[in-house]
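Residue numbers (UniProt numbering): 1 to 127. Note that the Cβ used here is the ideal one computed from N, Cα and C, for glycine as well. Notes to accompany the following structure.
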Amino acid sequence: MDLKGRDFLKLLDFTPEEIEYLLDLAADLKDKKKKGIPVDTLRGKNVALIFEKTSTRTRCAFEVAAHDLGMGTTYLDPTGSQIGKKEALPILPEYWQACSRVSNIVASDRILWRNWQNIPRCPYGTD
1 MDLKGRDFLK LLDFTPEEIE YLLDLAADLK DKKKKGIPVD TLRGKNVALI
51 FEKTSTRTRC AFEVAAHDLG MGTTYLDPTG SQIGKKEALP ILPEYWQACS
101 RVSNIVASDR ILWRNWQNIP RCPYGTD
């Protein structure tokens with residue numbers, strides 16, 4: 001099943017068959033990790049982890065998952081980056097092939113995604 005270029009914004013964006021495929025894929029990846037079988041299908045790719053609020057558990061989960069798939073990660077939050085500044089948004093897509101936005105403000109997501117139109121993303125709410 002080809003899901004390339006699709007964004008995971010809500011369950012309703014996918015058919016039941018696509019959801020089942022994703023769950024089966026997740027189970028397969030988890031099983032391979034338990035058995036020590038490397039899966040680096042995303043080697044050489046990078047993901048930006050953009051946090052509006054800090055979350056140690058979420059950050060660790062994303063970093064471990066990305067590492068397990070061979071990806072590099074960059075963690076950005078409001079205190080250690082210029083991510084909230086208007087000029088920073090348009091240039092960032094040059095560096096990352098995926099973006100995960102952990103946020104509770106939908107309006108700011110719309111502004112960010114408008115600038116990152118061609119990058120797959122998975123936003124997660126913190127509230």
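Taking a cut-off of 8 angstroms for Cβ pairs, the region 63 to 73 and the region 43 to 55 touch, as three or more such pairs fall below it. Here the C-alpha atom of R6 lies approximately 21 angstroms from the C-alpha atom of F51. Cβ atoms of K33 and D68 come within 8 angstroms of each other, at about 6 angstroms.
Remark: C-beta atoms of E18 and L29 do not approach each other more closely than 8 angstroms. Within the model, the alpha-carbon separation for K53 versus L11 is close to 24 angstroms.
In the three-state reduction of the DSSP assignment, P16 falls in the helix class. The C-alpha of L76 is placed about 13 angstroms away from the C-alpha of F62.
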